[in-house]
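S.K.: Sharing a structure, written as structure tokens. Questions coming.
2 protein chains.
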Amino acid sequence: MSRGQISRRGLLVTAGATTAVVGGAAAVAVTRPTSSSSSPGSVDYPFYGEHQAGIVTPAQDRMHFAAFDVDARLDRAGLVGLLKDWTAAAERLTRGAGAGPVGPLSGSYDAPPDDTGEAIGLPSGGLTITFGFGPSLFGSGRDDRFRTADQRPASLTRLPHFPGDNLATEQSDGDLCVQACSDDPQVAVHAIRNLTRIAMGRAALRWSQLGFGRTSSTSTSQATPRNLFGFKDGTMSLKAEDASGVEEHVWVGEPGWLQGGSYLVARKIMMHVETWDRSSLREQERLIGRTKAEGAPLSGGSEFSEPDFALTGRGGVPLVDPSSHVAMAHPSRNGGVRMLRRGYNFVDGNDALGRLSAGLFFIAFVADPVTHYVPMQTAMAKNDLLSEYLQHVGSGLWAVPPGARPGEYVGQGLLG
Amino acid sequence: MSRGQISRRGLLVTAGATTAVVGGAAAVAVTRPTSSSSSPGSVDYPFYGEHQAGIVTPAQDRMHFAAFDVDARLDRAGLVGLLKDWTAAAERLTRGAGAGPVGPLSGSYDAPPDDTGEAIGLPSGGLTITFGFGPSLFGSGRDDRFRTADQRPASLTRLPHFPGDNLATEQSDGDLCVQACSDDPQVAVHAIRNLTRIAMGRAALRWSQLGFGRTSSTSTSQATPRNLFGFKDGTMSLKAEDASGVEEHVWVGEPGWLQGGSYLVARKIMMHVETWDRSSLREQERLIGRTKAEGAPLSGGSEFSEPDFALTGRGGVPLVDPSSHVAMAHPSRNGGVRMLRRGYNFVDGNDALGRLSAGLFFIAFVADPVTHYVPMQTAMAKNDLLSEYLQHVGSGLWAVPPGARPGEYVGQGLLG
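What follows is the structure, encoded as structure tokens:
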């Protein structure tokens with residue numbers, strides 16, 4: 001390749017790699033991973049569709065999540081312009097292309113490249129980019145510069161303060177959010193970086209979080225991964241194959257601009273892993289309510305067996321503690337609601353005492369946070385035995401608009 | 417699997433995975449990655465050997481690096497005990513086993529598990545664990561509790577202050593260091609976490625760093641990856657296949673406890689990516705001295721062509737700027753010395769102005785930092801055009817003892 005020709009990633013890739021494009025939920029089956037890195041680069045997910053990708057898409061291995069605040073001078077037309085630009089870039093990025101035409105192909109050597117370059121030659125690793133609108137994007141009264149005040153769904157408010165919350169402003173909320181997931185972290189970082197660059201002057205990065213290991217499966221084809229307590233996590237999480245469950249618990253059904261969309265709940269949860277690691281195996285299993293090895297309920301069976309909360313052992317003590325994590329999170333204790341969980345493990349270095357700054361970046365997609373998240377988290381923050389080892393330090397809620405179709409932009413139903 | 421049997425990872429893996437164990441440098445050839453995630457889980461590297469693994473081993477995709485300070489009360493026997501325990505655990509971890517016998521297999525449910533569990537079922541992803549000894553581990557005068565003062569190699573001192581350095585104590589130095597590399601970040605994190613746990617009361621984590629994308633190839637079988645400036649990095653880095661180059665520039669040759677070992681130079685380098693992204697492609701290529709697309713020297717040819725520093729263009733201006741990165745780092749400008757580079761890209765979130773806290777965690781293995789690193793970095797800090805976009809915020813130097821043989825522990829030559 002001669003100087004002056006910076007091909008888009010797609011062009012470079014076609015030379016040697018086998019990039020299969022699959023279209024739609026019927027084709028989401030992937031090979032069962034034997035590693036927390038599943039086979040990267042084997043699949044591209046289409047950006048356009050009825051729903052945004054990155055929700056029922058089989059959870060990729062790595063994540064870069066970012067929250068943005070729009071510039072105080074941005075008006076409705078400016079916001080539409082940003083969403084159009086983001087849509088166009090996201091569509092390119094998810095098929096393994098650069099964020100935009102690059103350098104000399106599009107213009108001059110004297111302009112900055114329209115793609116930052118660190119993903120040149122890399123397949124998408126199943127990259128998905130999912131956009132959300134925070135409560136603060138919706139104005140009220142005199143401050144309604146986007147003319148969206150009367151379009152704010154009633155459930156889109158800041159999450160309430162839960163017992164034990166120790167939230168940092170700089171890790172919470174944001175007018176917009178972008179969830180970039182890929183089996184290749186360099187690709188996810190590249191996506192957030194380029195979307196940040198595109199937003200310059202219109203929206204600024206408020207906070208961001210890298211996750212290195214997924215903590216949930218969103219497909220029955222995926223093995224259940226482990227969280228940093230060393231336990232399988234998300235066994236009960238909704239799976240994409242459960243079409244009626246997804247319809248009921250994930251997608252917003254009410255007519256309106258959010259129909260076919262969802263809500264994204266994010267919680268940055270620090271885990272006191274050093275304290276946990278000094279507790280006995282018996283104690284760990286009691287608090288979780290499952291065995292550490294297989295993830296089977298302590299009432300018996302295997303990982304996917306239903307826990308039997310009535311079963312008692314010596315002295316009539318329930319085998320599964322009613323305040324264990326599995327009991328507190330069970331649909332039977334939560335009015336039958338279920339969540340599609342899509343969180344990631346993180347480590348942000350360590351504190352001055354040598355303790356890892358580690359935890360779970362919890363993400364769930366739900367049809368309504370008021371029914372599907374707030375009651376459960378209220379109960380768990382009060383009574384979950386695990387709470388002693390956890391601290392919630394970041395929080396955010398965003399409405400996730402439905403997918404865009406070719407020619408549309410994400411959020412067109414709200415702003416179009 | 418019944419409750420009470422937490423198999424070691426190795427046992428779990430043999431059920432379905434194909435884990436090939438290769439022995440020695442002749443077998444290090446791996447498939448050329450088409451992604452920054454190469455095929456994980458395909459190989460285990462033996463821990464024991466003439467040299468420590470993780471140096472000429474083909475660079476894995478992800479890294480967790482940690483520096484430790486030993487406890488003020490630790491004596492020589494205590495240090496030996498720690499190194500024996502770390503050696504035993506590292507040998508287990510690198511073959512995909514847990515850090516130690518787990519829970520009920522080794523004792524009681526009432527003890528904490530000897531492995532934290534988050535890597536149960538995961539292959540090693542080519543995990544290597546490499547240990548180093550910092551200058552501060554060696555006493556002097558009255559404070560020589562390890563009785564090592566007269567064993568400190570003359571080149572093992574704190575690196576000098578370089579122009580532009582803005583080093584943070586909490587990201588620099590340390591009595592001991594551990595470099596854990598794997599294609600699977602969860603495996604690398606698991607290794608550091610368990611070694612930290614094992615060290616409790618004897619050494620404490622001082623600082624740690626995750627890297628998500630390797631920035632160098634250490635084998636001719638690997639494609640050159642890209643740094644966060646979007647350029648291929650490490651093209652000129654020594655490769656494992658260059659046996660005489662490795663012998664001359666990586667391994668310590670002088671007789672003594674460090675013979676067959678090396679020095680690990682670590683530098684945490686923040687990269688002002690937002691400023692970089694606003695500079696023109698022409699400027700970017702001039703500063704690097706290579707094309708962005710292919711990484712060819714601006715004097716022509718392809719990636720691995722030797723740059724021709726004498727070649728001039730219009731007005732007699734050299735095609736490769738003498739202050740470009742490629743020129744400053746070239747062996748011809750540095751007394752013929754070469755480095756085996758093994759660094760990683762990182763992103764630690766963002767700052768309050770919305771700029772990514774991103775950069776390069778530079779790691780190089782050299783036979784002598786006094787000849788192989790200090791002169792080059794002194795010149796580059798002063799004159800490298802790239803310095804405008806960089807800031808060194810962390811630094812460390814460690815002597816890396818030779819490998820241990822079965823029955824030995826790492827550092828036995830020094831302390832045995």
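Protein chains in written order, with this note's numbering: chain H, 1 to 416; chain G, 417 to 832. From the three backbone atoms N, C-alpha and C, an ideal C-beta is built for every residue, glycine too.
Given that a residue counts as buried once 16 or more other Cβ atoms are within 10 Å of its Cβ, and exposed if not, what is H:GLN209?
M.R.: Counting from 1 along the first sequence, the entry for residue 209 of chain H is found at position 209. By the neighbour-count criterion, in which 16 or more other beta carbons inside 10 Å mark a residue as buried, H:GLN209 falls on the buried side.
S.K.: Smallest Cα separation from G:ASN761: which of H:PRO185, H:ASP242 and H:ASP277?
M.R.: As a first step, residue 761 of chain G must be located in the second sequence, where it is residue number 345. Looking at the Cα atoms, H:PRO185 is the closest of the given residues.
S.K.: As an exercise, report each continuous beta strand (DSSP E) stretch of at least 3 residues that is fully enclosed by the stretch 695 to 767 of chain G, in chain order.
M.R.: 760 to 766
S.K.: Excluding the 5 residues preceding and the 5 following G:ASN750 in the sequence, name in chain order all residues of the same chain whose CB lies nearer than 7 Å to its CB.
M.R.: Here residue 750 of chain G corresponds to residue number 334 of the second sequence, with the count starting at 1. If we look at G:ASN750 and ignore the five residues flanking it on each side, its Cβ neighbours are PRO791 and MET792.
S.K.: Going by DSSP, what residue range makes up the beta strand (DSSP E) through G:SER598?
M.R.: Numbered from 1 along the second sequence, position 182 holds the residue referred to as residue 598 of chain G. From DSSP, the beta strand (DSSP E) with G:SER598 extends over 592 to 598.
S.K.: What residue does the beta strand (DSSP E) around G:THR544 start on, and which one ends it?
M.R.: By 1-based counting over the second sequence, the position of residue 544 of chain G is 128. Where G:THR544 is concerned, the enclosing beta strand (DSSP E) stretches over 544 to 549.
S.K.: Would you say H:GLY100 reaches chain G, if we count a Cβ-Cβ gap shorter than 8 Å as a contact?
M.R.: Taking the first sequence and counting its residues from 1, the one referred to as residue 100 of chain H is at position 100. At a cut-off of 8 Å between C-beta atoms, H:GLY100 does not count as an interface residue with respect to chain G.
S.K.: Apart from the five residues on each side of it in sequence, which residues of its chain come closer than 8 Å, Cβ to Cβ, to H:ASP75?
M.R.: Numbered from 1 along the first sequence, position 75 holds the residue referred to as residue 75 of chain H. The answer, listed in chain order, is ARG145 and PHE146.
S.K.: Quick one: using the 10 Å Cβ neighbour count with 16 as the cut-off for buried, is H:THR169 buried or exposed?
M.R.: Residue 169 of chain H sits at position 169 when you count from the first residue of the first sequence. H:THR169 is exposed by the Cβ-count criterion.
S.K.: For G:ASP784, which residues in the same chain have their Cβ closer than 6 Å to its Cβ, ignoring the five residues on either side in sequence?
M.R.: Here residue 784 of chain G refers to the residue found at position 368 of the second sequence. These residues qualify, in order along the chain: SER571.
S.K.: By how many angstroms is the C-alpha of H:LYS292 removed from the C-alpha of H:SER302?
M.R.: Position 302 of the first sequence, counting from 1, holds the residue named residue 302 of chain H. Position 292 of the first sequence, counting from 1, holds the residue named residue 292 of chain H. Cα-Cα distance, rounded: 12 Å.
S.K.: Can the beta-carbon of H:PHE309 be found closer than 8 Å to that of H:GLN179?
M.R.: To locate residue 309 of chain H, count along the first sequence from 1; it is residue 309. To locate residue 179 of chain H, count along the first sequence from 1; it is residue 179. Not in contact: H:PHE309 and H:GLN179 (Cβ atoms no closer than 8 Å).
S.K.: Is the closest heavy atom of the ligand HEM to the C-beta of G:LEU654 under 7 Å?
M.R.: Inclusion of the ligand HEM in the displayed structure is not the case, the ligand content being empty and no account of it being possible.
S.K.: At what residues does the alpha helix (DSSP H) containing H:GLY394 begin and finish?
M.R.: Taking the first residue of the first sequence as position 1, residue 394 of chain H is located at position 394. Careful: H:GLY394 lies outside any alpha helix (DSSP H), inside the beta strand (DSSP E) at 390 to 400.
S.K.: Specify, as a first and last residue, the run of the alpha helix (DSSP H) that G:ALA795 falls within.
M.R.: In the second sequence, the residue the question calls residue 795 of chain G occupies position 379. Where G:ALA795 is concerned, the enclosing alpha helix (DSSP H) starts and stops at 790 to 799.
S.K.: Out of curiosity, what's the CA-to-CA distance linking H:ASP150 and H:ARG338?
M.R.: Here residue 150 of chain H refers to the residue found at position 150 when the first sequence is read from its first residue. Here residue 338 of chain H refers to the residue found at position 338 when the first sequence is read from its first residue. Rounded to the nearest angstrom, the two C-alpha atoms are 29 Å apart.
S.K.: Check each candidate in G:GLU699, G:HIS577 and G:VAL605 and name the one with the smallest Cα separation from H:ALA111.
M.R.: Translated into the one-based positions of the first sequence, residue 111 of chain H becomes position 111. Out of G:GLU699, G:HIS577 and G:VAL605, G:GLU699 has the C-alpha closest to the C-alpha of H:ALA111.
S.K.: Between G:LEU674 and G:LEU756, is the Cβ-Cβ spacing less than 8 Å?
M.R.: Within the second sequence, numbered from 1, the residue matching residue 674 of chain G stands at position 258. Within the second sequence, numbered from 1, the residue matching residue 756 of chain G stands at position 340. In this structure, G:LEU674 sits away from G:LEU756, with a CB-CB distance that is not shorter than 8 Å.
S.K.: Do you know how far the Cα of G:THR691 is from the Cα of G:GLU804?
M.R.: Translated into positions along the second sequence, residue 804 of chain G becomes position 388. Translated into positions along the second sequence, residue 691 of chain G becomes position 275. About 10 Å.
S.K.: Out of H:ARG197, H:SER140, H:SER182 and H:PRO135, which one is the CA nearest neighbour of H:ASP173?
M.R.: The residue you call residue 173 of chain H lines up with position 173 of the first sequence. That would be H:PRO135, whose Cα lies nearest to the Cα of H:ASP173.
S.K.: Within 8 Å of any Cβ in chain H, is that where the Cβ of G:PHE725 sits?
M.R.: What you label residue 725 of chain G is simply residue 309 of the second sequence in a count that begins at 1. No, no contact with chain H.
S.K.: For G:GLU701, count neighbouring C-beta atoms within 10 Å of its own C-beta (all shown protein chains included) and say buried if the count is 16 or more, exposed if not.
M.R.: Walking along the second sequence from the start, residue 701 of chain G turns up at place 285. G:GLU701 counts as buried, since no fewer than 16 other beta carbons sit within 10 angstroms of its beta carbon.
S.K.: Any beta carbon from chain H within less than 8 Å of G:PHE720's own beta carbon?
M.R.: Counted from its first residue, the second sequence places residue 720 of chain G at position 304. Judged by the 8 Å Cβ criterion, G:PHE720 is not in contact with chain H.
S.K.: For G:ASP487 versus G:ALA619, is the C-beta distance shorter than 8 Å?
M.R.: What you label residue 487 of chain G is simply residue 71 of the second sequence in a count that begins at 1. What you label residue 619 of chain G is simply residue 203 of the second sequence in a count that begins at 1. It is a contact, given that the beta carbons lie within the stated cut-off.
S.K.: When the Cα atoms are used, what is the spatial distance from H:SER419 to H:ALA296?
M.R.: Nothing about residue 419 of chain H can be reported from this structure: the residues present for chain H run from 1 to 416 only.
S.K.: With a cut-off of 8 Å, does the C-beta of H:SER237 fall near any C-beta of chain G?
M.R.: The residue you call residue 237 of chain H lines up with position 237 of the first sequence. Taking CB atoms only, H:SER237 has no neighbour in chain G less than 8 Å away.
S.K.: Opposite G:TRP623 in the DSSP bridges: which residues?
M.R.: If you number the second sequence from 1, residue 623 of chain G lands on position 207. Per the DSSP secondary-structure output, G:TRP623 pairs in a beta bridge with G:ALA483.
S.K.: Under DSSP, the beta strand (DSSP E) around G:LEU772 begins and ends at which residues?
M.R.: Residue 772 of chain G sits at position 356 when you count from the first residue of the second sequence. Taken as a continuous stretch (DSSP letters only), the beta strand (DSSP E) holding G:LEU772 covers 772 to 782.
S.K.: Let's test the definition: count the other Cβ atoms within 10 Å of the Cβ of G:VAL733 and tell me whether it reaches 16, buried, or not, exposed.
M.R.: Residue 733 of chain G sits at position 317 when you count from the first residue of the second sequence. It counts as exposed.
S.K.: Around the C-beta of G:THR510, are 16 or more other C-beta atoms found within 10 angstroms, so that it is buried, or is it exposed?
M.R.: Here the question's residue 510 of chain G lines up with position 94 in the second sequence. Buried, because 16 or more other Cβ atoms sit within 10 Å of the Cβ of G:THR510.
S.K.: Using a cut-off of 7 Å between C-beta atoms, extract the partners of H:THR220 located in chain G.
M.R.: Counting from 1 along the first sequence, the entry for residue 220 of chain H is found at position 220. Chain G residues near H:THR220: none, gap ~17 Å exceeds 7 Å.
S.K.: Can you tell me which of the three DSSP states H:SER155 falls into?
M.R.: Position 155 of the first sequence, counting from 1, holds the residue named residue 155 of chain H. Looking at H:SER155 - three-state DSSP - the assignment turns out to be coil, as it is neither helix nor strand.
S.K.: Along the chain, where does the alpha helix (DSSP H) that runs through G:ALA607 open and close?
M.R.: Numbered from 1 along the second sequence, position 191 holds the residue referred to as residue 607 of chain G. Unbroken alpha helix (DSSP H) run through G:ALA607: 601 to 614.
S.K.: Quick one: does G:GLY629 have its CB under 8 Å from some CB of chain H?
M.R.: As a position in the second sequence, residue 629 of chain G is number 213, starting the count at 1. Yes, its Cβ sits closer than 8 Å to a Cβ of chain H.
S.K.: Would you list the residues sitting across from G:MET652 in a DSSP beta bridge?
M.R.: Start at 1 with the first residue of the second sequence, and residue 652 of chain G comes out as number 236. DSSP lists no partner for G:MET652.
S.K.: Can H:ILE129 and H:ALA266 be called in contact, C-beta distance under 8 Å?
M.R.: On the first sequence, position 129 is the one that residue 129 of chain H refers to. On the first sequence, position 266 is the one that residue 266 of chain H refers to. Cβ atoms of H:ILE129 and H:ALA266: not closer than 8 Å.
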